[in-house]
Amino acid sequence: MIKVNDKEIEFREGMTVVDILNLAGESVDQMVIVVVDGQVIPHIDLKMITAKDHMKISLLRVISGG
27 MIKVNDKEIE
37 FREGMTVVDI
47 LNLAGESVDQ
57 MVIVVVDGQV
67 IPHIDLKMIT
77 AKDHMKISLL
87 RVISGG
């Protein structure tokens with residue numbers, strides 16, 4: 027299993043972080059910080075990171091205002 031915030035996604039060999047986020051119904055834009063196993067991942071690298079069983083992905087939404 028892979029955890030995306032509070033959702034659990036079944037691990038399948040060959041999946042990328044983008045695949046997992048799509049299965050979790052999550053979208054990523056410039057106002058979302060993606061953290062994989064405690065490490066911030068640049069958006070450009072999300073398609074290149076292969077998923078591992080028991081991986082933990084957190085999405086942190088940036089809020090701005092004045």
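Oh and the sequence shown: position 32 is 58 in our numbering, straight run, nothing missing.
Glycine included, every Cβ here is placed at the ideal spot set by N, Cα and C.
Pull up the distance between the alpha-carbon of residue i and that of residue j, whole angstroms please.
{"i": "Met-27", "j": "Phe-37", "result": "5 Å"}
{"i": "Leu-85", "j": "Gly-64", "result": "11 Å"}
{"i": "Lys-29", "j": "Ile-70", "result": "21 Å"}
{"i": "Val-61", "j": "Ile-67", "result": "6 Å"}
{"i": "Leu-72", "j": "Lys-82", "result": "14 Å"}
{"i": "Asp-45", "j": "Ile-89", "result": "25 Å"}
{"i": "Asp-55", "j": "Arg-87", "result": "9 Å"}
{"i": "Leu-47", "j": "Gly-91", "result": "27 Å"}
Could you check where the beta strand (DSSP E) with residue i kicks off and where it finishes?
{"i": "Val-66", "result": "65-67"}
Taking the continuous alpha helix (DSSP H) assigned at residue i, which residues delimit it?
{"i": "Val-88", "result": "That residue, Val-88, is in no alpha helix (DSSP H); it is neither H nor E in DSSP."}
{"i": "Ile-35", "result": "Where Ile-35 is concerned, there is no enclosing alpha helix (DSSP H), although the beta strand (DSSP E) it sits in stretches over 33-35."}
Going by the DSSP bridge assignment, what does residue i pair with across the sheet?
{"i": "Val-44", "result": "Answer is none; Val-44 lacks a bridge partner."}
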